[in-house]
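Below is one structure, written out as structure tokens; comments come after it.
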Amino acid sequence: RVLSRADIVRFYAFSYYTPGCLEMVESLADPGLRGQTMSLHICPLPYEMWYRSVGELFADLAGQDILLVALHRQGSPNQDNLTPYIYSFPAPNVVLNPYDKMFVIANVEWVRDHQVKHQVLDKA
Numbered sequence: 026r027v028l029s030r031a032d033i034v035r036f037y038a039f040s041y042y043t044p045g046c047l048e049m050v051e052s053l054a055d056p057g058l059r060g061q062t063m064s065l066h067i068c069p070l071p072y073e074m075w076y077r078s079v080g081e082l083f084a085d086l087a088g089q090d091i092l093l094v095a096l097h098r099q100g101s102p103n104q105d106n107l108t109p110y111i112y113s114f115p116a117p118n119v120v121l122n123p124y125d126k127m128f129v130i131a132n133v134e135w136v137r138d139h140q141v142k143h144q145v146l147d148k149a
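Structure (structure tokens):
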């Protein structure tokens, strides 16, 4: 899971003052608890999105009922950073690179299909 125990505790405390916050945390932490079919996943970037914009990726995923939440960017001297980082809600004009991974809210079947397609293309 992406959320640490400390984050979940913080959200529970925050939920006292913010209606709906607790339900959101429960949904992310345990989608089955509320009978959800969608949950948070990290997936490789589709090959066809390499060197394209986040806006294009977002539109493509939205057309499949998938929500892009963040990018996991690898460290690279070409990008003036050597440390990997999470880029949450990236700007639409950000250019994607082959080493990016994406955090998405998606159903398990889509994630499995996406990862199988990605593995098959890696071996080709």
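Residue numbers (the numbering used here): 26 to 149.
In this text, a Cβ means the ideal position worked out from N, Cα and C, and glycines have one as well.
Closer than 7 Å: residue i CB and nearest the ligand SAH heavy atom
i, result
"residue 126", "Summarising the ligand content, the structure contains no ligands, and the ligand SAH is consequently not present."
Contacting residues, own chain, Cβ-Cβ under 6 Å from residue i (five flanking each side not counted)
i, result
"residue 113", "95"
"residue 80", "117"
"residue 128", "67, 94 and 95"
Length of the line joining the Cα atoms of residue i and residue j
i, j, result
"residue 130", "residue 124", "20 Å"
"residue 142", "residue 135", "11 Å"
"residue 35", "residue 100", "29 Å"
"residue 97", "residue 126", "5 Å"
"residue 58", "residue 48", "10 Å"
"residue 86", "residue 92", "6 Å"
"residue 69", "residue 42", "37 Å"
"residue 26", "residue 32", "Reliability of the predicted coordinates at residue 26 is poor, the pLDDT of 43 falling under 50, and the value obtained from them is presented with this limitation in mind. Distance between the alpha carbons of residue 26 and residue 32 is about 11 Å."
"residue 89", "residue 137", "14 Å"
"residue 144", "residue 30", "32 Å"
"residue 149", "residue 72", "Summary for residue 149: the model assigns pLDDT 46, below 50, so the residue's position carries little reliability; its value from the coordinates is reported in the next sentence. Between residue 149 and residue 72, the C-alpha separation is close to 13 Å."
"residue 51", "residue 60", "11 Å"
Chain-order list of residues whose beta-carbon lies under 7 Å from that of residue i (same chain, five-residue window excluded)
i, result
"residue 132", "62 and 63"
"residue 10", "The chain is shown only over 26 to 149; residue 10 falls outside these bounds and no answer can be derived."
Three-state class that DSSP yields for residue i in the structure shown
i, result
"residue 98", "strand"
"residue 110", "strand"
"residue 40", "helix"
"residue 136", "helix"
"residue 119", "coil"
"residue 93", "strand"
"residue 65", "strand"
Residue environment, residue i, which counts as buried when at least 16 other CB atoms sit within 10 Å
i, result
"residue 109", "exposed"
"residue 107", "exposed"
CB-CB length for residue i against residue j, believed under 8 Å
i, j, result
"residue 121", "residue 82", "6 Å"
Cβ shell of residue i (< 8 Å), same chain only, five flanking positions each side left out
i, result
"residue 111", "95, 96, 97, 98 and 128"
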